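Notes for the one structure printed next.
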Amino acid sequence: MSFLNPGNDPGTDARIRLRAALDDALRMRDRIAVSALRSALSAISNAEAISPPSAVAGAGSPHIAGAVAGLGAGEAQRRAVNAAEADQIVQAEISERLLAASEYERSGHADRAQRLRSEASALISASSGTAPQEHRPD
970 MSFLNPGNDP
980 GTDARIRLRA
990 ALDDALRMRD
1000 RIAVSALRSA
1010 LSAISNAEAI
1020 SPPSAVAGAG
1030 SPHIAGAVAG
1040 LGAGEAQRRA
1050 VNAAEADQIV
1060 QAEISERLLA
1070 ASEYERSGHA
1080 DRAQRLRSEA
1090 SALISASSGT
1100 APQEHRPD
């Protein structure tokens, strides 16, 4: 068992690659890559969220709306996202950026299109584990 891949931690490989790429982008002060990588990591975290349970009648506090009694009573176990799902989420992030870049290009906003393509490039590089293509940081 290694520190970077602790057993069967779901979605670990994608997260490790994205976090490593984020560390590199932060060191290089590449704002475009940092933005894209943080967004992808957040998308994976959002996929782990579960719907809140419906309120139990009579539970809670008369003084604080939505409060529940007991240590940790308001906590919910997060859904496990496996490696394949995490990779699909990153691929969706890449596709969304490339589609939006095409739309910006058609509407005459080449600068915005280029930024989105640069973000997609950073995500592609992180998801494949290759070095990112050179683009100028903001």
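Here the sequence shown is numbered in this note's numbering, starting from 970 and rising by one per residue.
Think of the CB as a built atom: it goes at the ideal place given N, C-alpha and C, for glycine as much as any other residue.
Predicted model, so just to flag it, every value in this text is computed and none were measured.
About 7 angstroms separates the beta carbon of S1096 from that of R986, a gap short enough to meet the 8 angstroms contact definition. With a threshold of 16 other beta carbon atoms within 10 Å, S1090 meets it and is buried. Counting along the chain, N1015 sits inside the alpha helix (DSSP H) bounded by residues R1000 to E1017.
Under the criterion of beta carbons closer than 8 angstroms, E1062 and A1009 qualify as touching, at roughly 5 angstroms. In this structure, the straight-line span from the alpha carbon of E1054 to that of D1080 is close to 32 angstroms. Annotated three-state conformation of Q1046 is coil, per DSSP.
DSSP, reduced to helix, strand and coil, places S1087 within a helical segment of the structure shown. The three-state reading of DSSP puts S1094 in helix, counting H, G and I together. Boundaries of the alpha helix (DSSP H) around S1064: A1052 to R1075. I1058 has its alpha-carbon roughly 14 angstroms from the corresponding atom of A1018. C-alpha of A1002 to C-alpha of D992: approximately 10 angstroms in a straight line.
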